[in-house]
Amino acid sequence: MTEIGKINGHRPSGLLHLLDPSLKLAPHPKEDEVDFDLELGLSAVVRLSSNVPEEAFSARVLGTEREGNAILLGKDNILVTIGYLVVDAHTITLQAKGGQKVQAEIIGYNHESGLALIHTLSALDIPFIKQGTADDLEENEPVIIAPYGGVDHAISACVVSRREFAGSWEYLLDRAIFTSPIHPNWSGAALIRRNGTLCGVGSLWINDAEEGKSDSPGNLFVPIDLLEPIYDDMVSSGLAQGPYRPWLGMYTAEAMNSLFVSGVIPDAPADLAGVEVGDVIAGLEDEPIDSLSGMYRKLWSLGNAGITVMLNIKRDGEDMDVSVKSDSRYNLMSKRSNH
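In our numbering, the protein residues as written are 91 to 429.
Here's what the structure looks like:
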């Protein structure tokens, strides 16, 4: 249905035989290149393994076993990770570099940023990382990509682009962080500046990290600044305060200057309305749409979750209008555990 379940967030160890050469060739960070205790700082990143019930909504796309990383933020045993690793998770296991294992639970998820917060059920005996900013992070700045495992598993990288990113799953970042070279264990990895502060959370493997170049593999990181405005709400209630965006439950791809439906989630609004894979999206509410980001911005400007929107589509050469009653993405995810 979509590439996410095959590449991003679903047992990345299965890709190591393909990407391991890039890790071996990439330079590792050195103590004399940074302004912090390198080994100590990188130990704030832990290995994450999660298990999701087969009946969970996200299991259809992301699978039931997921692996990646999480980053300890403070003394209150709260860690940040990328959301697709833990959404709908029934069990979460963390492992620190020294071998300590603890159980954790998801306490907050935010589809708009893609970030999630988890809380350990017992304390991790590791230092936390200081949260920084990516607001002034620009192209060509050297950074460190740090998954679990310390210096030997981290690489020195470079920011190659700061630009908009529109994901097929109704997801949009205004200024995503694109880095190179690629790291094969990107999911939930920490993006660290030379001063030792956290500036991003690993999300995706991208083929066009450099803008306009389709053969420039790299990683996409979510700016950590997106967490601060929603952190307290996520900790206290599990979600950022509403109202929430309308969600259609379909995957949309851009090709040959057109938008077409590449996947429809069973029982989601688009599916219930009769949207089909292969439908070409020509407009929204009789307004022409020429980009994925444009479609999202138009959709979200119409109102909140629950509104009915009209998709102007082409199917088998015929123009059609399909009315879709939107929903909130959060209505279809498993509820978080109690604190």
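Cβ coordinates follow ideal geometry from the N, Cα and C atoms, glycine included.
**Prompt:** How close, in whole Å, do the beta carbons of residue 363 and residue 325 come, if the pair is a contact with beta carbons under 8 Å?
**Reply:** About 36 Å separates the two Cβ atoms, so there is no contact after all.
**Request:** Report the residue ranges of all alpha helix (DSSP H) runs contained in full by the stretch 130–172; include only those spanning at least 4 residues, in chain order.
**Result:** 149–152
**Asked** For residue 103, which residues from the same chain have a beta carbon less than 7 Å from its beta carbon, with the 5 sequence-adjacent residues on both sides left out?
**Response** Note that residue 103 scores 49 on pLDDT, short of 50, meaning its location in the model is unreliable and no value can be drawn from it.
**Asked** Any idea what DSSP makes of residue 244, helix, strand or coil?
**Response** coil
**Item:** Run of the beta strand (DSSP E) containing residue 281, from where it starts to where it stops
**Value:** Where residue 281 is concerned, the enclosing beta strand (DSSP E) starts and stops at 280–282.
**Whole-number beta carbon distance between residue 367 and residue 360, since they are thought to touch under 8 Å** = Actually they do not touch by this definition, with Cβ atoms about 10 Å apart.
**Item:** Segments of 3+ residues assigned as beta strand (DSSP E) that fall wholly inside the stretch 357–417
**Value:** 370–374, 398–405 and 408–415
**Asked** Taking the C-alpha atoms as reference points, what is the distance between residue 298 and residue 378?
**Response** 27 Å
**Prompt:** Closest to residue 149 by CA distance: which of 398, 400, 385 and 356 is it?
**Reply:** Residue nearest to residue 149 within the set 398, 400, 385 and 356 is 356 (criterion: CA-CA distance).
**Message:** What does the alpha-carbon distance come out to for the pair residue 419 and residue 122?
**Reply:** 46 Å
**Contact set for residue 422: own chain, Cβ-Cβ below 6 Å, skip 5 residues either direction** = Cβ neighbours of residue 422 beyond the five flanking positions: 147.
**Prompt:** When DSSP labels each residue in this structure, what does residue 275 get in the three-state scheme?
**Reply:** coil
**Message:** Check for me: the beta strand (DSSP E) holding residue 340 runs from which residue to which?
**Reply:** 340–345
**Prompt:** Using CA coordinates, which residue listed in 191, 169 and 216 is at the minimum distance from residue 198?
**Reply:** By alpha-carbon distance to residue 198, the top candidate from 191, 169 and 216 is 169.
**Request:** Tell me where the beta strand (DSSP E) around residue 192 begins and ends.
**Result:** 191–200
**Asked** Under 9 Å between the Cβ atoms of residue 386 and residue 256?
**Response** yes
**Prompt:** Taking the C-alpha atoms as reference points, what is the distance between residue 430 and residue 215?
**Reply:** With the chain represented from 91 up to 429, any question about residue 430 goes unanswered, as that position is not in the structure.
**Item:** Local conformation of residue 233 per DSSP, three classes
**Value:** strand
**Asked** If you run the structure through DSSP and keep just helix, strand and coil, what is residue 93?
**Response** The predicted position of residue 93 is uncertain, since its pLDDT is 35 and thus under 50; no value can be drawn from it.
**Request:** Please report how far the alpha carbon of residue 380 lies from the alpha carbon of residue 239, in whole angstroms.
**Result:** Rounded to the nearest angstrom, the two C-alpha atoms are 44 Å apart.
**Prompt:** Leaving out the 5 sequence neighbours to the left and right, which residues in its chain are closer than 6 Å to residue 372 when beta-carbon positions are compared?
**Reply:** 402 and 404
**Message:** Just to confirm the assignment, what range does the alpha helix (DSSP H) spanning residue 323 have?
**Reply:** 321–327
**Request:** Say whether the stretch 336–352 touches the stretch 228–244, bearing in mind that this needs 3 or more beta-carbon pairs closer than 8 Å, one atom from each stretch.
**Result:** Counting Cβ pairs under 8 Å, fewer than three are found: no touch.
**Request:** Have a look at 196, 234 and 135 and flag the residue whose alpha-carbon is nearest the alpha-carbon of residue 190.
**Result:** Comparing alpha-carbon positions, the option among 196, 234 and 135 lying closest to residue 190 turns out to be 135.
**Prompt:** Nearest to residue 310 by CA position, among 264, 153 and 330, is which residue?
**Reply:** 264
**Asked** Cα separation between residue 261 and residue 185?
**Response** 30 Å
**Message:** Using DSSP's beta-bridge definition, name the partner residues of residue 185.
**Reply:** 137 and 191
**Request:** Look at the alpha carbon of residue 412 and the alpha carbon of residue 384, and state the distance between them as a whole number of angstroms.
**Result:** 19 Å
**Message:** Our contact map puts residue 358 next to residue 339 with C-beta atoms below 8 Å; I'd like the distance itself, whole angstroms only.
**Reply:** 2 Å
**Message:** Short of 8 Å in beta carbon distance, which residues of its chain neighbour residue 329, apart from the five on each side in sequence? Order them along the chain.
**Reply:** 198, 199, 200, 323 and 420
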